[in-house]
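Novice: Starting off with a structure, shown below.
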Amino acid sequence: MAGIGTHFPIRVVSRRTAQDSRERFRISLERAPQDVNGLQRADAAADNYRLEGDTLTMDASKAALEDLSENHIGIRKGQGTGAKNFVPDIVRVELSGPNRSLFNILDLPGLISSEYGVNEPEPLGTHELAKQYISRPENTIICTIPATSDLGNQRAYQICKEHISNKRRLVGVFTKCDKADREEAERAVSWPSSPGCMDHPGEILTCEIEKAFPRLENDINSRLKEKRDNLKNMGEPRLNDSQQQEYLNRFFDNVMRWVGGFWRFDDEGVDPRAVCSNYGAFIDKKQEQPGTARQILFPTPKLEDYTEELKAIPAFEEHEHVESFDKFVDTVTSKLRRFGASQPPGVINSDIYPVIYRVQVSKWGSIAQEHLDRVKDAMKSSYEEILRSVCPDSEGTMILHHELKCRLHSMFCETLNKTKQELDRYCEQETQKELLQTTNNEFRTKLEAWRMLRYARAFYKGTGGEEAQDLISTQTLSTMWTSMDLSNQGKMMYDIHDVFKVYYGISLESFISHVTQTIVEGFVMDKDGPLIKMTTEYVLGLPRQEVSDITKEDKKTGQLREQLNSDIKKLEGAQEIAKDVRVKVEVLKRN
């Protein structure tokens with residue numbers, strides 16, 4: 001191989017494999033980690049080169065390197081535009097077998113100082129390539145120098161001297177010793193008088209082993225722990241009822257910890273409790289038409305504001321349009337004509353109240369259903385996320401994941417249907433009332449406050465407003481009566497509006513409370529629902545055959561279990577070897 005490998009780096013990696021394995025080799029190209037000034041890269045054809053086999057003989061090695069050099073890397077000796085004498089890319093030779101030693105050696109092209117026969121930048125390129133590798137503190141450098149030349153004039157020696165700060169990493173090797181004057185060399189430096197020639201390589205090896213072992217042992221221990229944890233998570237092979245039950249209980253325990261440990265969801269939209277409590281949109285979602293909840297309820301002044309307004313009569317003007325109720329007026333006017341026909345003029349027929357109320361609350365059912373739909377979606381996402389976290393849809397838990405998902409979905413559908421029926425019954429009850437009744441004491445107080453406000457405003461107008469008169473004239477009394485007369489259809493309208501304003505607010509508050517806190521929250525926390533029912537008691541109540549079907553292992557799981565056991569055995573062996581070597585290194589240090 002003389003003259004072939006000197007044009008590109010060659011890395012030889014030797015690995016020891018299992019005792020029942022066979023010898024193997026592989027030759028390929030490994031791209032250098034970075035460009036080197038003065039050197040061209042290997043041709044692209046080299047990236048696809050692969051040579052594999054059982055035994056790498058000297059002849060096969062020589063033929064492979066020649067083929068790589070000429071037909072793939074593109075080495076073209078000489079000078080000029082088409083010449084390429086050196087490349088930084090690495091020919092990688094991998095050797096493996098049960099009796100192989102463990103080593104990783106990189107052979108760099110020799111350093112050249114003369115530009116004879118090569119392109120001008122290439123000599124400096126070989127120097128730069130050497131500097132990149134010898135400056136790395138993790139590498140041990142073997143510097144080969146011919147014994148026939150003056151050491152001080154060797155460029156390789158000078159580069160090592162300049163770029164290797166820790167000289168303990170450097171080993172010098174003399175070549176061509178057969179051509180040197182042996183007697184003269186013996187007289188100059190006798191082997192017995194230079195114990196360092198024997199001790200130094202041993203010290204370097206011991207030092208490197210000592211430095212590498214903490215990281216190596218940590219790596220072995222970490223990988224061993226990971227493999228053992230994976231095997232533990234798989235549980236026993238589940239060959240009998242007890243093992244199957246224990247395996248299933250472990251997953252249900254994790255579900256219970258999540259559900260009982262205050263759910264934690266990254267997305268608030270997945271948390272059914274957060275969606276359940278966020279019912280502000282419940283009120284406003286579809287209040288688009290005048291006369292519905294938003295215009296009747298908001299912005300209603302607080303009760304204490306009424307007494308404050310009475311202290312400042314002129315400020316009553318701002319309440320003239322406190323509520324916009326054009327559509328409400330149209331509805332009430334049509335109903336007044338219908339129901340007023342059976343009453344004397346100026347008398348409000350009480351039957352009008354339930355009719356108008358039903359018109360105003362007709363959309364409550366659809367709004368409540370929208371709220372339930374939001375909670376339903378969050379509920380489904382939440383139990384699916386919990387299931388994915390404790391029992392992924394992959395590897396050894398795939399069968400269990402799908403079995404549990406089917407059961408959870410069945411629980412979800414059953415509780416959802418039950419909740420929908422309950423919600424429909426309640427909405428029908430609340431939106432089809434024939435009688436308007438309430439036990440809320442605030443109804444009378446709030447209604448009287450609104451009426452007092454209107455009477456005070458009428459009195460203010462009757463006395464002349466800002467141009468108040470000292471004496472009450474007939475005209476003044478007439479104006480006051482006109483403003484207060486409830487037999488007037490307009491005034492009847494205001495009184496009906498006051499009644500609905502107060503009653504609607506009280507009813508809506510009660511409706512929202514029952515829907516959110518009793519019906520919807522009851523759906524989330526239903527004892528037969530997917531978030532609450534998945535308990536150990538549920539598992540213990542499953543028939544034996546169902547437990548067997550849920551917990552059975554697939555073929556891949558069995559193969560994975562075998563692989564983990566094999567990996568653990570190998571790592572335990574590596575752990576023992578590492579321990580033994582560490583002890584031997586300590587002995588060497590003491591000696």
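Be aware that the sequence shown starts at 1, since it is given in full-length UniProt numbering, and climbs by one per residue. Each residue gets a CB set at the ideal place from its N, CA and C atoms; glycine is no exception. What you are looking at is a predicted structure, and each value in this text was computed from that prediction instead of being measured.
What does DSSP give as the partner residues of SER96 in its beta bridges?
Specialist: The count along the sequence shown starts at 1 and reaches residue 96 at position 96. Answer is ARG15, ARG24.
Novice: Keeping to the same chain, check which residues put their C-beta closer than 8 Å to that of CYS160; ignore five residues upstream and five downstream.
Specialist: As a working note, residue 160 is residue 160 in the sequence shown. Once the five neighbours on either side are set aside, the close Cβ partners of CYS160 are ILE134, ILE141, CYS143, LEU170.
Novice: My guess is that LYS227 and LEU560 are in contact by the Cβ rule of under 8 Å, so how many angstroms apart are they, rounded?
Specialist: Numbered from 1 along the sequence shown, position 227 holds the residue referred to as residue 227. Numbered from 1 along the sequence shown, position 560 holds the residue referred to as residue 560. Actually they are not in contact, since the Cβ atoms of LYS227 and LEU560 sit about 11 Å apart, beyond 8 Å.
Novice: Is VAL581 helix, strand or coil when you go by DSSP?
Specialist: Translated into the one-based positions of the sequence shown, residue 581 becomes position 581. Correct three-state label for VAL581: helix.
Novice: Evaluate ALA449 with the Cβ neighbour count: other Cβ atoms within 10 Å of its Cβ, from every protein chain shown; 16 or more gives buried, anything less gives exposed.
Specialist: Residue mapping note: residue 449 aligns to position 449 of the sequence shown, counting from 1. ALA449 comes out buried.
Novice: Please give the ranges of any alpha helix (DSSP H) in the segment 525-577, keeping only runs that are unbroken, at least 4 residues long and fully inside the region.
Specialist: Listed in chain order, the complete alpha helix (DSSP H) runs (minimum 4 residues) inside the segment 525-577 are 536-540, 544-551.
Novice: Around the Cβ of ALA45, are there at least 16 other Cβ atoms within 10 angstroms (buried) or fewer (exposed)?
Specialist: Numbered from its first residue, the sequence shown carries residue 45 at position 45. Exposed, because fewer than 16 other Cβ atoms sit within 10 Å of the Cβ of ALA45.
Novice: Looking at the secondary structure, which residues open and close the alpha helix (DSSP H) in which PRO123 lies?
Specialist: What you label residue 123 is simply residue 123 of the sequence shown in a count that begins at 1. Per DSSP, PRO123 belongs to the alpha helix (DSSP H) from 122-134.
Novice: Taking only three categories from DSSP, how would you classify PHE8?
Specialist: As a position in the sequence shown, residue 8 is number 8, starting the count at 1. Residue state, collapsed to three classes: coil.
Novice: Terminal residues of the continuous alpha helix (DSSP H) containing ILE142?
Specialist: Translated into the one-based positions of the sequence shown, residue 142 becomes position 142. Where ILE142 is concerned, there is no enclosing alpha helix (DSSP H), although the beta strand (DSSP E) it sits in stretches over 141-146.
Novice: Check GLU52 in the structure and name its three-state DSSP category.
Specialist: As a working note, residue 52 is residue 52 in the sequence shown. Of the three classes helix, strand and coil, the one that applies to GLU52 here is strand, per DSSP.
Novice: Suppose the cutoff is 7 Å on Cβ atoms and the five residues either side in sequence are ignored; what does the same chain contact list for ALA156 look like?
Specialist: On the sequence shown, position 156 is the one that residue 156 refers to. Excluding residues within five positions, the ones whose Cβ falls inside 7 Å are LEU111, CYS143, ILE145.
Novice: Strictly by DSSP, which residues pair up with ASN104?
Specialist: As a working mapping, residue 104 is identified with position 104 in the sequence shown. Its beta-bridge partners are VAL13.
Novice: Between the segment 411-428 and the segment 546-553, do three or more beta carbon pairs fall short of 8 Å?
Specialist: With a cut-off of 8 Å, the segment 546-553 and the segment 411-428 do not count as touching, because too few Cβ pairs lie within range.
Novice: So if DSSP puts LYS84 in a beta bridge, which residue, or which two residues, is it bridged to?
Specialist: Locating residue 84 in the sequence shown gives position 84, where the first residue counts as 1. LYS84 is bridged to ARG76.
Novice: Ordered along the chain, which non-local residues of its own chain (more than five positions away) have a Cβ less than 8 Å from that of PHE298?
Specialist: Mapped onto the sequence shown, residue 298 falls at position 298. Any answer about PHE298 is weak, because its pLDDT of 30 lies below 50 and its placement is not dependable; what the coordinates show is given next. Nothing meets the Cβ criterion.
Novice: What's the call for GLN421, buried or exposed, on a 16-neighbour Cβ count within 10 Å?
Specialist: In the sequence shown, residue 421 corresponds to position 421, counting from 1. Exposed is the call here.
Novice: Between the segment 234-243 and the segment 511-525, do three or more beta carbon pairs fall short of 8 Å?
Specialist: No, they do not touch.
Novice: Assign ASN104 to one of two classes, buried (16 or more other C-beta atoms within 10 Å of its C-beta) or exposed (fewer than that).
Specialist: Numbered from 1 along the sequence shown, position 104 holds the residue referred to as residue 104. It counts as exposed.
Novice: Have a look at PRO9 and PRO109 and give me their C-alpha separation to the nearest angstrom.
Specialist: Stepping through the sequence shown from its first residue, residue 9 is reached at position 9. Stepping through the sequence shown from its first residue, residue 109 is reached at position 109. PRO9 and PRO109: Cα-Cα distance of roughly 6 Å.
Novice: Does the segment 363-374 come into contact with the segment 383-396, if we say contact requires no fewer than three beta-carbon pairs (one atom in each stretch) closer than 8 Å?
Specialist: No: the two stretches stay apart, fewer than three of their Cβ pairs being nearer than 8 Å.
Novice: Per DSSP, which residues does THR175 bridge with? Please list them.
Specialist: The sequence position of residue 175 within the sequence shown is 175, counting from 1. DSSP lists PRO146 as partners of THR175.
Novice: Looking at the strands, I want to know which residues DSSP matches up with VAL502.
Specialist: By one-based count along the sequence shown, residue 502 stands at place 502. Partner(s): none; VAL502 has no beta bridge.
Novice: Rounded to whole angstroms, how far is the Cβ of GLY172 from the Cβ of ASN37, which I believe are closer than 8 Å?
Specialist: Position 172 of the sequence shown, counted from the first residue, corresponds to residue 172. Position 37 of the sequence shown, counted from the first residue, corresponds to residue 37. About 27 Å; that fails the 8 Å criterion.
Novice: Around the Cβ of GLU138, are there at least 16 other Cβ atoms within 10 angstroms (buried) or fewer (exposed)?
Specialist: Reading the sequence shown from its first residue, position 138 is the one you call residue 138. It is exposed - the Cβ of GLU138 has fewer than 16 other Cβ atoms within 10 Å.
Novice: Do GLN244 and THR536 come within 7 Å of each other at the CB atom, strictly closer than that value?
Specialist: Start at 1 with the first residue of the sequence shown, and residue 536 comes out as number 536. Start at 1 with the first residue of the sequence shown, and residue 244 comes out as number 244. Result no, Cβ atoms of THR536 and GLN244 do not sit closer than 7 Å.
Novice: Are the Cβ atoms of LEU51 and ILE73 separated by less than 7 Å?
Specialist: Counting from 1 along the sequence shown, the entry for residue 51 is found at position 51. Counting from 1 along the sequence shown, the entry for residue 73 is found at position 73. No, they are not a contact pair.
Novice: Given a cut-off of 7 Å, decide if VAL502 and PHE443 are closer than it, judged by their beta-carbon atoms.
Specialist: Taking the first residue of the sequence shown as position 1, residue 443 is located at position 443. Taking the first residue of the sequence shown as position 1, residue 502 is located at position 502. Contact flag set, yes.
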